[in-house]
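> Chains as they are written, first to last, in the UniProt record's numbering: chain A, 1 to 240; chain B, 1 to 240; chain C, 1 to 240; chain D, 1 to 240.
Each residue gets a CB set at the ideal place from its N, CA and C atoms; glycine is no exception.
Computed from a predicted structure; not experimentally measured.
This structure is in structure tokens; I'll ask about it shortly.
Number of protein chains: 4
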Amino acid sequence: MRVTVWNENRHEFKNEKVRSIYPNGIHGAIAEGIAENGLEIRTAWLDQPEHGLTEAVLADTDVLIWWGHMAHGEVQDDIVDRVHKRVLEGMGLIVLHSGHFSKIFKKLMGTTCDLKWREAADKERIWVVDPSHPIAEGLGAYIELPAEEMYGEHFDIPAPDELVFVSWFTGGEVFRSGCTYRRGQGKVFYFRPGHETYPTYHNEEVLRVIRNGVRWAAPVHGAKPVYGNAKPLEPVGPKE
Amino acid sequence: MRVTVWNENRHEFKNEKVRSIYPNGIHGAIAEGIAENGLEIRTAWLDQPEHGLTEAVLADTDVLIWWGHMAHGEVQDDIVDRVHKRVLEGMGLIVLHSGHFSKIFKKLMGTTCDLKWREAADKERIWVVDPSHPIAEGLGAYIELPAEEMYGEHFDIPAPDELVFVSWFTGGEVFRSGCTYRRGQGKVFYFRPGHETYPTYHNEEVLRVIRNGVRWAAPVHGAKPVYGNAKPLEPVGPKE
Amino acid sequence: MRVTVWNENRHEFKNEKVRSIYPNGIHGAIAEGIAENGLEIRTAWLDQPEHGLTEAVLADTDVLIWWGHMAHGEVQDDIVDRVHKRVLEGMGLIVLHSGHFSKIFKKLMGTTCDLKWREAADKERIWVVDPSHPIAEGLGAYIELPAEEMYGEHFDIPAPDELVFVSWFTGGEVFRSGCTYRRGQGKVFYFRPGHETYPTYHNEEVLRVIRNGVRWAAPVHGAKPVYGNAKPLEPVGPKE
Amino acid sequence: MRVTVWNENRHEFKNEKVRSIYPNGIHGAIAEGIAENGLEIRTAWLDQPEHGLTEAVLADTDVLIWWGHMAHGEVQDDIVDRVHKRVLEGMGLIVLHSGHFSKIFKKLMGTTCDLKWREAADKERIWVVDPSHPIAEGLGAYIELPAEEMYGEHFDIPAPDELVFVSWFTGGEVFRSGCTYRRGQGKVFYFRPGHETYPTYHNEEVLRVIRNGVRWAAPVHGAKPVYGNAKPLEPVGPKE
Numbered sequence: 001m002r003v004t005v006w007n008e009n010r011h012e013f014k015n016e017k018v019r020s021i022y023p024n025g026i027h028g029a030i031a032e033g034i035a036e037n038g039l040e041i042r043t044a045w046l047d048q049p050e051h052g053l054t055e056a057v058l059a060d061t062d063v064l065i066w067w068g069h070m071a072h073g074e075v076q077d078d079i080v081d082r083v084h085k086r087v088l089e090g091m092g093l094i095v096l097h098s099g100h101f102s103k104i105f106k107k108l109m110g111t112t113c114d115l116k117w118r119e120a121a122d123k124e125r126i127w128v129v130d131p132s133h134p135i136a137e138g139l140g141a142y143i144e145l146p147a148e149e150m151y152g153e154h155f156d157i158p159a160p161d162e163l164v165f166v167s168w169f170t171g172g173e174v175f176r177s178g179c180t181y182r183r184g185q186g187k188v189f190y191f192r193p194g195h196e197t198y199p200t201y202h203n204e205e206v207l208r209v210i211r212n213g214v215r216w217a218a219p220v221h222g223a224k225p226v227y228g229n230a231k232p233l234e235p236v237g238p239k240e
Numbered sequence: 001m002r003v004t005v006w007n008e009n010r011h012e013f014k015n016e017k018v019r020s021i022y023p024n025g026i027h028g029a030i031a032e033g034i035a036e037n038g039l040e041i042r043t044a045w046l047d048q049p050e051h052g053l054t055e056a057v058l059a060d061t062d063v064l065i066w067w068g069h070m071a072h073g074e075v076q077d078d079i080v081d082r083v084h085k086r087v088l089e090g091m092g093l094i095v096l097h098s099g100h101f102s103k104i105f106k107k108l109m110g111t112t113c114d115l116k117w118r119e120a121a122d123k124e125r126i127w128v129v130d131p132s133h134p135i136a137e138g139l140g141a142y143i144e145l146p147a148e149e150m151y152g153e154h155f156d157i158p159a160p161d162e163l164v165f166v167s168w169f170t171g172g173e174v175f176r177s178g179c180t181y182r183r184g185q186g187k188v189f190y191f192r193p194g195h196e197t198y199p200t201y202h203n204e205e206v207l208r209v210i211r212n213g214v215r216w217a218a219p220v221h222g223a224k225p226v227y228g229n230a231k232p233l234e235p236v237g238p239k240e
Numbered sequence: 001m002r003v004t005v006w007n008e009n010r011h012e013f014k015n016e017k018v019r020s021i022y023p024n025g026i027h028g029a030i031a032e033g034i035a036e037n038g039l040e041i042r043t044a045w046l047d048q049p050e051h052g053l054t055e056a057v058l059a060d061t062d063v064l065i066w067w068g069h070m071a072h073g074e075v076q077d078d079i080v081d082r083v084h085k086r087v088l089e090g091m092g093l094i095v096l097h098s099g100h101f102s103k104i105f106k107k108l109m110g111t112t113c114d115l116k117w118r119e120a121a122d123k124e125r126i127w128v129v130d131p132s133h134p135i136a137e138g139l140g141a142y143i144e145l146p147a148e149e150m151y152g153e154h155f156d157i158p159a160p161d162e163l164v165f166v167s168w169f170t171g172g173e174v175f176r177s178g179c180t181y182r183r184g185q186g187k188v189f190y191f192r193p194g195h196e197t198y199p200t201y202h203n204e205e206v207l208r209v210i211r212n213g214v215r216w217a218a219p220v221h222g223a224k225p226v227y228g229n230a231k232p233l234e235p236v237g238p239k240e
Numbered sequence: 001m002r003v004t005v006w007n008e009n010r011h012e013f014k015n016e017k018v019r020s021i022y023p024n025g026i027h028g029a030i031a032e033g034i035a036e037n038g039l040e041i042r043t044a045w046l047d048q049p050e051h052g053l054t055e056a057v058l059a060d061t062d063v064l065i066w067w068g069h070m071a072h073g074e075v076q077d078d079i080v081d082r083v084h085k086r087v088l089e090g091m092g093l094i095v096l097h098s099g100h101f102s103k104i105f106k107k108l109m110g111t112t113c114d115l116k117w118r119e120a121a122d123k124e125r126i127w128v129v130d131p132s133h134p135i136a137e138g139l140g141a142y143i144e145l146p147a148e149e150m151y152g153e154h155f156d157i158p159a160p161d162e163l164v165f166v167s168w169f170t171g172g173e174v175f176r177s178g179c180t181y182r183r184g185q186g187k188v189f190y191f192r193p194g195h196e197t198y199p200t201y202h203n204e205e206v207l208r209v210i211r212n213g214v215r216w217a218a219p220v221h222g223a224k225p226v227y228g229n230a231k232p233l234e235p236v237g238p239k240e
């Protein structure tokens, strides 16, 4: 399985705190953290040519992980269309945290993907609401993060095909924080935690969820659907 | 309830057969056919200024019905964005037949919305698979249309929130032909039948489904969600 | 619309506090609280003959509201089967709070319906996660209850067809507290709040949700499905 | 992965035709047909002690496959309860064809599971409506069976969590023929084809679907949910 971890990779250069938490970038921390047998992992980022997401790279990617925040607007529309096409063809997509506002996620969802937020070091408790789901494999009843940015409902997304996690925050809010979708032949998993100023992507349980997500989002190799004008399989009778 | 029936209104001018079936246009037939107490119905079409969908008209519309086919590309993107915004704010949307390929439906779905099709006068039998759904109110086990264009799976849409109808065609195909979605505060209903060369929108049961759909898609008057930076409702502790 | 409010009606006789909050019983408070034009409301309770749920009463009920807690085991199986049959035929069912463990809810769900709970006067904040749903009509972003029994995940139910509310509790838990299901031709709505020692069913917003739920769960008058051996609608060819 | 194939195993003894198609029983054909590396397969049937489903066998089963038809009523309720408990604990369950009326399936669904049927050698075409689903791995656009018993809508089941297949029949009907559900920690897959008088379980594509289903239904090893009275995770304040 070939995984590409994409990161905006800007906060790391502008904010000392972020750099100290993620000296190899958020992409580096995730790539290292989810490494295991059977995963071939590379990274890509915004300031590379074509954002590091050339046709060749995408053709060679089974699952793409996406982290972005301050520069969603700088992602070129033609690259977004290219990623979108690959998802519909079967590439898995894991969208993390502030990626909820990325062009690719909004294009796949068809809604604003807006939400409430607060940077105030809320405690987050991510409850498993579907213990039968492979993305929850190996977890306990919840994941506790001592401090995170708060995201609160209403989260303007389509009702998820499967709701795996719901978050509790100290400040009084809840959030649907683990949501799966199918789009075309591809699978999409949105996972909430991961604000850049907290060491969330060093948390073993968070990394396990991302790893589980990658396994779950792997492409299915069925027949490529054929669309358009179709001959009848049974006699229809004379055309009017 | 204020309903706007939108029609591309082009086939009616180019094709004698279509004109003879729908002398007042497809929009006219639908507007007349669904009329009942409590519905205030107007029509709009592509070649009007702003496609007849001005800010004022949309602000005054509870449910919009959409039929388009040969001129999807001529619908201006800014009008599509305007309709999209209104759906997310709560306006209901009924998308009919070849509207599956309209810009507004594709934007709301996030997929290609592609499908198989055939013009060969297949018989269509639209089976009710959810008899508990208000959109199926007053129907029998199925609606039979003696001749229609065939649409066949795979239909490249997100899994519907609710699947109300599945079609059978003589030529050997099936199709998810009644699908509901929620997007933002709005409700969307896709209903398959209605090729322009058949008198489908004169069929009493088809009209009943559209009428039921309008009732179902009516806006809900809850609080408008507030997004963005949110003060805590409970003490969070000092910000880091 | 004919509504029957069913209550176990036992705590009211054993506990002074409950009696003082609900002098006319929980059923009385709900019946009074949801009253409005177009609703014809009656009550029934456990210690009546046939638990007040005779064939005649059920045949005359469009939506049944169910509150039970300490005496689930005393509800006779044949009455449960009778209610079950009526739901599948189209009667709406609103299951409240500790009704999660009622025989009828478990029979409709097929799971244990177990959960975490605590009586410690947690504050509950019931967040609307689907503002497009008619059950959320007229609400703000959330309902706040200053003190309630806590119910926490994991809640062992099938994934709801629609998730309308998610609760936050002071003690650190979340709960899927507004869940809809379709079973046969009937609609089922589970709504969490309502422990007997709190005045929850005097809360205007809670009552509004129940009233909205009744409207939503109203029977749909489609054709009664016919099952069993079916003649072909099209020529099949000679039987092998 | 440990698989148990359960069969009623009665038609094979009463009907020469069935015996000639399945000389080792339907269970034998399935066990042989799905065999592959990594699957440890055993069989069990109705007339064994405890129907071959002892506590030990079930404890040693990851996925149970179920075929039954003429003797649903002879399956003991306590064995059904035992299987039910194991599904909720995480054992996968694949229910085939006439198993729609088995006690275990009805108990998990909460509905009658009734349907239309006809034995007239209809052709069946099983269309893939979710090409992203692992159960459809390796298939083309549809599976064609030259002759099968017809099952038609309305099928009285809860709306499936995922709809993978829809069948077309010569005689004019459609059927939701591949449906997934989650119940407790277990996964359930209903797959339609397999009437005893046709060689359906010798069809390579049908066997592939069952094999895919087994892989999909494998238990997830998350924490076992804990229910009941729960201590607060955060300070709640003094109990009233």
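Residue 165 (chain C) and residue 129 (chain C) - do their beta-carbons sit closer together than 8 Å?
Contact flag set, yes.
> Please determine whether the Cβ atom of residue 47 (chain D) lies at a distance below 7 Å from any heavy atom of the ligand GTP.
Only the bare structure without any ligand can be found here, which leaves the ligand GTP out of the picture.
> Would you give the residue range spanned by the alpha helix (DSSP H) that residue 79 (chain A) belongs to?
77 to 89
> If you follow the alpha helix (DSSP H) that residue 109 (chain C) is in, where does it begin and where does it stop?
Residue 109 (chain C) -> alpha helix (DSSP H) spans 103 to 109.
> According to DSSP, simplified to helix, strand and coil, what is residue 169 (chain A)?
strand
> Chain A partners of residue 168 (chain B), CB-CB under 8 Å?
Simply none; closest approach about 11 Å.
> Classify residue 91 (chain D) as buried or exposed, calling it buried when 16 or more other Cβ atoms lie within 10 Å of its own Cβ.
buried
> Secondary structure at residue 212 (chain A), three-state DSSP: helix, strand or coil?
Residue 212 (chain A) falls in the helix class under three-state DSSP.
> Assuming contact is defined by CB atoms lying nearer than 8 Å, are residue 125 (chain D) and residue 177 (chain D) in contact in what I supplied?
no
> For residue 13 (chain B), write down the residues that DSSP places opposite it in a beta bridge.
Paired residue(s): none; residue 13 (chain B) is not in a bridge.
> Step through the CB atoms of chain B and report whether any lies within less than 8 Å of the CB of residue 239 (chain A).
Only weak support is given to the placement of residue 239 (chain A): the predicted model assigns it a pLDDT of 48, under 50, and the value that follows is read from those uncertain coordinates. Closer than 8 Å: yes.
> State the DSSP-derived secondary structure class of residue 33 (chain B), mapped to helix, strand or coil.
helix
> Can you say whether residue 59 (chain C) is buried or exposed, counting buried as having 16 or more other CB atoms within 10 angstroms of its CB?
exposed
> Using the rule of at least 16 other Cβ atoms within 10 Å of the residue's Cβ for burial, across every protein chain shown, is residue 123 (chain C) buried or exposed?
buried
> May I have the straight-line CA-CA distance separating residue 240 (chain B) from residue 121 (chain A), to the nearest angstrom?
Below a pLDDT of 50, predicted positions are generally treated as unreliable, and residue 240 (chain B), at 44, falls in that range; the measurement from the model is reported next regardless. Approximately 6 Å between the Cα atoms of the pair.
> Could you tell me whether any Cβ in chain B is nearer than 8 Å to the Cβ of residue 122 (chain D)?
no
> Considering residue 44 (chain D), what are the terminal residues of the beta strand (DSSP E) in which it resides?
40 to 45
> For the pair the stretch 217 to 234 of chain B and the stretch 15 to 30 of chain C, tell me if three or more CB-CB distances fall below 8 Å.
no
> Going by DSSP, what residue range makes up the alpha helix (DSSP H) through residue 58 (chain B)?
55 to 59
> Could you check whether residue 83 (chain D) and residue 53 (chain D) sit closer than 8 Å to each other, using their CB atoms as the reference points?
Yes, these two residues count as a Cβ contact at 8 Å.
> Given residue 50 (chain A), which residues of its chain have a CB within under 7 Å of its CB, disregarding the five upstream and five downstream residues?
79
> At a CB-CB cut-off below 9 Å, which residues of chain A make contact with residue 137 (chain D)?
Under the 9 Å cutoff, chain A gives 220, 221, 222.
> If we call anything under 8 Å between Cβ atoms a contact, is residue 108 (chain B) one with residue 110 (chain A)?
Against a cut-off of 8 Å, the Cβ pair of residue 110 (chain A) and residue 108 (chain B) comes out as a contact.
> Counting only Cβ pairs nearer than 8 Å, list the residues of chain A close to residue 242 (chain D).
For chain D, the structure presents residues 1 to 240; residue 242 (chain D) sits outside this window and is missing.
> State the Cα-Cα distance for the pair residue 188 (chain C) and residue 217 (chain C), rounded to the nearest angstrom.
7 Å
> Give a yes or no on whether 8 Å exceeds the smallest Cβ distance from residue 110 (chain C) to chain D.
Between residue 110 (chain C) and chain D, the shortest Cβ-Cβ separation is below 8 Å.
> Does the pairing of the stretch 192 to 208 of chain B with the stretch 136 to 156 of chain C give three or more beta-carbon distances under 8 Å?
No: the two stretches stay apart, fewer than three of their Cβ pairs being nearer than 8 Å.
> Please report the straight-line C-alpha distance between residue 237 (chain A) and residue 115 (chain B), rounded to a whole angstrom.
22 Å
> In the DSSP assignment, what are the bridge partners of residue 179 (chain A)?
A:163, A:190
> Thinking residue 163 (chain B) and residue 171 (chain A) are a contact (beta carbons under 8 Å), I'd like their distance in whole angstroms, please.
With a Cβ gap of about 39 Å, residue 163 (chain B) and residue 171 (chain A) do not count as contacting.
> My output table needs one value for residue 147 (chain D): the three-state DSSP class, helix, strand or coil.
strand
> Comparing C-alpha positions only, which one of C:175, C:159, C:142 sits nearest to residue 149 (chain C)?
C:175
> Which one or two residues does DSSP pair with residue 122 (chain C) in a beta bridge?
C:148
> In whole angstroms, give me the CA-to-CA distance for residue 62 (chain B) and residue 185 (chain B).
12 Å
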